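Chains as they are written, first to last, in our numbering: chain A, 1 to 228; chain B, 1 to 413; chain C, 1 to 105; chain D, 1 to 332; chain E, 1 to 370.
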Amino acid sequence: MNPIAIGVFIVIALLTLGSGIMVVTVRNIIHSALWLIASFIGVAALYLLMEAEFLAVVQILVYAGAVSILVLFAIMLTRQVTGEGVRVVFERWWVALLIALGLFGVIVPTLWKHGATWEEAAKLAQVGPTPVDGAANSLQVATATEIGRSFMGEYLLPFEVVSVLLLMALIGAVVIAYEERTRRRRVLTLAEELALKKRGIVEPRDAEGAVVPREAEGKVILLDSEQA
Amino acid sequence: MADALTQLGFASWLSVLIASIIKVTLILVGGSVGMMFLTWYERRSISYMQDRRGPNRVGPQGLLQPISEAIKTMTKEDATPRDADKIVHFLAPVVMLGATVLSFAVIPWGRMFPVDLNAAVLFVIATGGLHSIGMMMAGWGSNNKFALLGGMRGVAQLISYEIPQVMAIIPVVLMTGSMSLQKIVEAQNDFAGLGWYVFSPVGLLGFALFFTASLAEGERTPFDIPEADSEIIAGYMTEYSGMKFAVFYLSNYMSNLAVCFVTATLYLGGGNGPGVDALGGIAGGLLSLVYFLLKSFALFFVMVLIRATVPRLRVDQLMSFAWKFLLPLVLVNILSASFWVALLRWDQQWPQLTEWFGAPSTADATNWGRLAIAIVLTLLINAGAVALIMRLTNRNVQKHLYTTDEELALGLS
Amino acid sequence: MVGSVPLVWVLTLAAGLFCIGLFGALSRRNIVGMLMGIELMLNSVNINLVAFWRYLQPTGTAGLIFAIFTIAVAAAEVAVGLAMVIAIYRARLTINADEIDTLKG
Amino acid sequence: MTLSHLATEDVFVVERNDADFRAGQGMTKGLGIVFRKFRKALFGKPNSDRADTEGQFNVQYPEERLAMPEAYRNMPILLYDDATGHELCTSCFQCERICPPQVIHITQAKDPATGKPVPAAAKFVLEYDTCMSCGYCAEVCPFDAIKMDHDFELSTANHPELDVDYNRLLRPVSYYETIAPTMWSDVKEQAMKKLQNNIKRRPGDIGRDHGQKIKGGAPVAAAATPAAGAAPAAGAAKPRGPVAAIGKNMSEDKTAKLLAIRAANAAKRGGGAADAAPVAQAAPVAEAVAAAPAAASAAPTGPVAAIGQNMSEDKRAKLEAIRAAKRAERGE
Amino acid sequence: MLKTEELQINIGPQHPSTHGVFRMLVTVDGETLVDLKPVFGYLHRNHEQLGEVNTYLQNMPFTDRLDYFNSMVNNHAYARTIETLAGVEVPERAQYIRVIMDELSRILNHATAMGFMLGDMGAWQTALLWGMREREKILDMFEYVSGARMMCNYCRFGGVVRDIDDWFITELKKLMQGLPHYFDDFEGLLLNSEILLARARNIGVLPKDLALAYSVTGPVLRGSGVAYDIRKAEPYAVYDRFKFKVPVGTVGDVYDRFLVRIAEMRESYKILEQALEQLPDATGGFINPKVKQQSLKAPAGEAYARVESPKGELGFYVVSDGTGSAYRYKVRAPSFINLSALADMCKGYTIADVVVILGSIDIVMGEVDR
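(1) My understanding is that Tyr291 (chain B) touches Val302 (chain B), with C-beta atoms under 8 Å, so please give their C-beta distance in whole angstroms.
(2) Any beta carbon from chain A within less than 7 Å of Asp166 (chain E)'s own beta carbon?
(3) According to DSSP, Val28 (chain E) sits in a beta bridge with which residue or residues?
(4) Does the separation of the CB atoms of Thr221 (chain B) and Arg312 (chain B) fall below 7 Å?
(5) Closer than 7 Å by C-beta to Ala303 (chain E): which residues in its own chain qualify, once you throw out the five before and the five after it? Chain order, please.
(6) How should Asn46 (chain E) be labelled, buried or exposed, when 16 other C-beta atoms within 10 angstroms of its C-beta is the threshold for buried?
(7) Please list, in chain order, the chain B residues whose beta carbon lies closer than 8 Å to that of Ile37 (chain A).
(8) When you compare only the Cα positions, how much space is there between Gln94 (chain D) and Leu126 (chain D)?
(9) Is it true that the CB of Ile363 (chain E) sits closer than 7 Å to the CB of Leu339 (chain E)?
(10) Going by DSSP, which residues form a beta bridge with Asn30 (chain C)?
(11) Mind listing which residues of the region 290-323 of chain B have their C-beta closer than 7 Å to chain A's C-betas, in chain order?
(12) Strictly below 7 Å CB to CB, what residues from chain A border Leu17 (chain B)?
(13) Name the one or two DSSP bridge partners that Glu219 (chain B) has.
(14) Applying the criterion that 16 or more other CB atoms from any shown protein chain within 10 Å of the CB defines a buried residue, is Ser185 (chain D) buried or exposed?
(15) Give me the Cα-Cα distance between Asp165 (chain D) and Val355 (chain E), rounded to the nearest whole angstrom.
(16) Once DSSP output is grouped into helix, strand and coil, what is the label at Pro81 (chain B)?
(17) If contact means a Cβ-Cβ distance below 9 Å, which residues of the region 64-81 of chain D contact chain E?
(18) For Gly284 (chain E), I'd like the list of residues in its chain whose CB is within less than 8 Å of its CB, leaving aside the five on either flank, ordered along the chain.
(19) Name the chain A residues whose beta carbon is nearer than 9 Å to that of Val88 (chain B)?
(20) In the DSSP output, which residue or residues are listed as bridge partners for Gly115 (chain A)?
(21) Please say whether Gly20 (chain A) and Ser39 (chain A) have beta carbons closer to each other than 7 Å?
(22) Go ahead and pull the three-state DSSP assignment for Asp64 (chain E).
(23) Nearest-angstrom Cα distance between Ile38 (chain C) and Leu329 (chain B)?
(24) Could you check how far apart the C-beta atoms of Leu78 (chain D) and Ile146 (chain D) are, in whole angstroms? I think they sit under 8 Å.
(25) Going by DSSP in three states, Ser241 (chain B) sits in which element: helix, strand or coil?
(26) On the DSSP bridge assignment, give the partners of His150 (chain D) in chain order.
(27) Does Gln60 (chain D) come out as helix, strand or coil in the three-state DSSP assignment?
(28) Decide if Val279 (chain D) is buried, meaning its Cβ has at least 16 other Cβ atoms within 10 Å, or exposed.
(29) With DSSP run on the structure shown, which of helix, strand or coil describes Ile262 (chain E)?
(30) Secondary structure at Thr55 (chain E), three-state DSSP: helix, strand or coil?
(31) Going along the chain, which residues of its own chain have a beta-carbon closer than 8 Å to the beta-carbon of Gly85 (chain A), five neighbours each way excluded?
(32) Taking only beta-carbon atoms, is Val364 (chain E) less than 7 Å away from chain D?
(33) Can you check whether the CB of Arg168 (chain D) is closer than 7 Å to the CB of Glu194 (chain E)?
(34) Do Leu318 (chain B) and Ile233 (chain B) have their CB atoms nearer than 7 Å?
(35) Answer yes or no: does any C-beta atom of chain B fall closer than 7 Å to that of Thr143 (chain A)?
(36) Excluding the five sequence neighbours on either side, which residues of its own chain have a C-beta within less than 7 Å of the C-beta of Gln59 (chain A), listed in chain order?
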């Protein structure tokens, strides 16, 4: 029994579960998103504890660094100014609570029932692949190199499928969130207005809104850029 | 270190704990001292560039100026806006600093590696990405328009530049065959310690791209949009004062230091250099540390030089620079890196190919003919790509003035 | 880690996180809140995958690979989901799930 | 439009280089220039000549000082003759009249015996805080009595102190000669002649001794200063003798000054702050003042800040007093 | 990409980039500026009213405080107005001295103004400090002749208060040895810098006709392509004796104003060279001795005189009722009038551009608020 490992595990578990609970109970949705980040980092720490270094880094990179920021952006872009005081949960939230607790009550006893079996299997699995010099515990867990090889070999097809999925998600997200240019409000700069006037798309107007005759333009200026 | 402690009679878990604590303390102290030196170094050198002297009063040559300023900021009033989200406002600098310190866990000092993580390169980038959370928290928690604007800008910038940054590393990872920083340093030890990646065409372009993207990640000029003081005051730091502001400052400079260290490690051979292997032992280690620090501070000097010279980009130009300039070049660089690796090491990677095609099996890396071919090929690819993309960028600049008639007409309606 | 923390503990942690996520996804009215609950559930699944990999097949890669697939899918899901949220918000000016109950946009 | 007056050869169009191919060469050039500057500033000699554009150009202020040009004008001062102690001012009111922000307040001296005006000033108050240093007073003064000082280190925490009267305005002619030799030699003869004429018309000690500390003897107590209340505070101010601005032996002067101020502060902390005079004579202060060779003839240093607890009121009262006196003079 | 609500932001009065206490109430749509409302008056100090209370001479030091970068030019303009009003002759040497001071002012103003603009752009003060170095050298010389560095109060009616001597001329020659190096360095630093081009080209375009309609003057007008310079249009002092050219831009954007200012510094240098050559000896005197400075009384009437200040046309309008002080006194401040075009120039650009455009107009709040 390694007390450090157990202690670290308990701390991480408390962090993950506690912030998970905060995510679903906190009223302020932004706080909830921030707690979500804490939960993600807790999970990443758990991966690190389980020697899945690559996955831990990916977890931080993707979840804590990108997904949560995306969520925060979405919240900030869709925050209703008037909707601060409305209820954040359904009226019958206790039904959801019952369901969740019920599920937990079903899963955990099942897990513990098979706990001993898994312990045995785990002990078997911890033996190194081929103990060369008698060091039975020098177990080489799979690293990023092995992951890469698996992606390129055994799991090539799923890998390609996932990449296509990501591409689809990329395109889909752009298409959904894209607002057509015509609907976007655009403020013209002076130069653009001038260009429009020159091309005759808009009649130049003076301060009162009367149309200025075309000939009146360009007379007052000594130096035209084209001439100079 | 842990082994030594175990031999002294500590329990194994205790020795691990003590060793970790000592390591963490050393890293923290090294990082903070490095940051303090960095501020002094930046201010002095930028002063000389501007024909003035810079801080020269506190201590010899003003070296103690950062300390006096640290004391000053610590004793200043720590104001929190009344309508701010107090906890978030408080936690933002903590998150920023935490992310920065985390990245120091894997960054080597010369040939000393605190932790040799399997995916160290990725880890550095990931912790850099955590900055965006701190920024968002600071921007949102301050309840200030400028802060929010600065936070949003900063986050958008960090996320955009993370992509070219990560992808600029891929050539290095390809050439090394590992993501461990230790292995990357070892791989650059050819040619009497001068086989740095920056001397290959792939590495040169990668170095330029990675360094540029890192400037943006570290919010350095010309990419210091989040704190563009002439536009949005101090950006997300607007509402911070006293120690909290100092923590932001600390985190910024420490991450700059980290960027310099990582760049030196990835492309400039880390602690490698002539004479390190020859000396060996502790002397070699110290020499490698000296080499490493020299390289890193030279890189930081380039940062300062850039800061003293160029204006900052506008926020939309910044984005298009990342997506339209850096990203294509980075992709091309990955391509040429794979050519490089295939040419130099294909018989090692795929021995069966050698059998099939009957090529001579030369296992050593210094096969000059192949090296020459690889250099020429990658150089051609990279130079061509750079020229092409610069040409396209130039055309975009020329075209920018007036948009098309249809767009204008639509905008008016 | 292995040898001191039993596998069941890790699995229990994952189950707890899953149930919390489930509760969040069911009880929140805000669509983004629901998405966050789903993210928690996906994470708990990943913990399971990694735990089984580490305890039962540490030299293989299947668990890790599947976890990575899950992360990729989750990222895609978040991207599309949030894009939809923004599109809905633009059309209805609300992201409250109760009020988005008609098919017509 | 009347814009066509410019001949074409008078005009040129700036070159925009729009069509150039940009590959970072402009930025690289800039970086090169900045690096050259860095090299020159680090290894080259400091910027000494007006033709230099490279090397450090800043002056390390308290230790190094630039030489003041003679014409430099900061705040007005009044001159007195070293030999006789007679002030050059005859209260002709020229400066009071020309002063754009109207910060000069003069009261003419009267012969106590006959009640007739005497060509000397009884009171001369100048509001340094509002003075805009335009130098008109010195320009118009027909007797060359008012001149512009070179001392610019006037900052104080005590605002009423900036209403300066005779005690602190007076400088010996020799002082002005040091800071502006040619400008004084131009007018010296004529000014001294005028002064001699005026002295003849001044009965007794009128027109002398306003500074009290000038001629080494026992300093007249602060009570002699005209305005009541806050006046002692202003009167017993820092030693602002001819020392401060000579600028040849600056660091010594500065240390002396600092010593004096510190000693005064220490005395203030030690002794009661109520009375200015005993504190001013306290031993450390006297020693400190004596320690500075040039400051030997300076004022007895007193704790300035201790008295004026209600600064703004003091100032207002003082101003009121001055104005009332002037009204009375005009016979309103 | 996303539709955002319009947001109102107050830029200033305490903001690092609004030169002085100046507030811009901007309405932004995302980063794009929809509307801009300049709010000023924070520095108002009754200058024009003071000018009607004070005597003519008394008002001279107050003109220093208008555009405190170019007090020499302000003095010149004011003195010229009163000289026109009272019919005062100015000796030739004084005219030359005034021209030398004006052109030195122009160099120092443009050097620092461009530095400030680049500072707004984020070029961390290098250009500014190099400009400051040249400015210090010039200010030291100002201090030598006038007694003060910034509030010079140098001109008097019919001349200047103090003659320039050999020291000044020697130092001026030395300064002029160094100036071309400074111009070269400055141009090399940023003129072709890609980032500056991206930030300055086609930003803040002020078309010619609009520039004329707003009656902006100075480098802003010339940058828009209108060749209008009072030194050429209505040669005052001795400007008709010098050979120099008026630089004009073509597009009217920030970059053109930048280029025009640099070109003007070089032209000023040429004027200085010629003025030093032609400077008459001291026999003619440097001030008209017949003028009673303190009790100058102008005959009833009005006068308007203008000079080309570095910021544009600086004019003083004085109405006299025959007494010793002005009956009506009005300043045509170039900063104020150039600033009025700001809102239109900024519309449609981003906030980051707004500060640069403001910097390119080159305002001094002392002159705007008066």
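Where a beta carbon is used, it is the ideal one built from N, C-alpha and C, also for glycine. Quick caveat, the model's predicted, so the values are computed rather than measured.
Answer, in terms of the structure:
(1) Tyr291 (chain B) to Val302 (chain B), Cβ: 17 Å. No contact.
(2) No, its Cβ sits nowhere closer than 7 Å to a Cβ of chain A.
(3) Beta-bridge pairing by DSSP links Val28 (chain E) to E:Leu7, E:Leu33.
(4) A contact, by the Cβ cut-off of 7 Å.
(5) The residues are Thr81, Thr84, Leu85, Val318.
(6) With fewer than 16 other CB atoms across the displayed protein chains lying within 10 angstroms of its CB, Asn46 (chain E) is exposed.
(7) Counting only Cβ-Cβ distances below 8 Å, Ile37 (chain A) has contacts in chain B at Ile133, in chain order.
(8) C-alpha separation (whole angstroms): 14 Å.
(9) In contact: Leu339 (chain E) and Ile363 (chain E) (Cβ atoms closer than 7 Å).
(10) Residue pairing by DSSP places Asn30 (chain C) opposite C:Asn96 in a beta bridge.
(11) Per Cβ criterion, the list is empty.
(12) Listed along the chain, the chain A residues whose CB falls inside 7 Å of the CB of Leu17 (chain B) are Ile4.
(13) Glu219 (chain B) is bridged by DSSP to nothing; it lacks a bridge partner.
(14) Exposed is the call here.
(15) Taking the straight line joining both Cα atoms gives about 48 Å.
(16) It is coil, neither helix nor strand.
(17) For the region 64-81 of chain D, the set of residues with a beta-carbon nearer than 9 Å to any beta-carbon of chain E comprises Leu66, Met68, Pro69, Glu70, Ala71, Tyr72, Arg73, Asn74, in chain order.
(18) Residues Pro91, Glu92, Arg93 of the same chain have their beta carbon placed closer than 8 Å to that of Gly284 (chain E), with the five preceding and five following residues left out of the count.
(19) At a C-beta separation below 9 Å, Val88 (chain B) has these neighbours in chain A: Ile30, His31, Leu34.
(20) Under DSSP, no beta-bridge partner is assigned to Gly115 (chain A).
(21) In terms of Cβ geometry, Ser39 (chain A) and Gly20 (chain A) form a close pair [threshold 7 Å].
(22) Correct three-state label for Asp64 (chain E): helix.
(23) Leu329 (chain B) has its alpha-carbon roughly 37 Å from the corresponding atom of Ile38 (chain C).
(24) Here Leu78 (chain D) really is in contact with Ile146 (chain D); their C-beta atoms are around 6 Å apart, less than 8 Å.
(25) If DSSP states are grouped into helix, strand and coil, Ser241 (chain B) belongs with coil.
(26) Residue pairing by DSSP places His150 (chain D) opposite no residue, since no beta bridge is assigned to it.
(27) Taken through DSSP and simplified to helix, strand or coil, Gln60 (chain D) comes out as coil.
(28) A caution first: Val279 (chain D) carries a pLDDT of 38, below 50, which makes its placement in the model too unreliable to give a value.
(29) Reduced to three states, the DSSP call for Ile262 (chain E) is helix.
(30) In the structure shown, Thr55 (chain E) sits in a strand (DSSP, three-state: E or B).
(31) Any reading at Gly85 (chain A) must be qualified, since the residue scores a pLDDT of 49, below 50, and its modelled position is unreliable; the value itself is stated next. Cβ within range, chain order: n/a, list empty.
(32) With 7 Å as the cut-off, Val364 (chain E) does not count as an interface residue toward chain D.
(33) In this structure, Arg168 (chain D) does not lie closer than 7 Å to Glu194 (chain E) by Cβ.
(34) It is not a contact, given that the beta carbons lie outside the stated cut-off.
(35) For Thr143 (chain A), the answer is yes, since a Cβ of chain B falls inside 7 Å of its Cβ.
(36) Sequence-distant Cβ neighbours of Gln59 (chain A) in its own chain, meaning closer than 7 Å and more than five residues away, are Phe40, Val43, Ala44, Tyr47.
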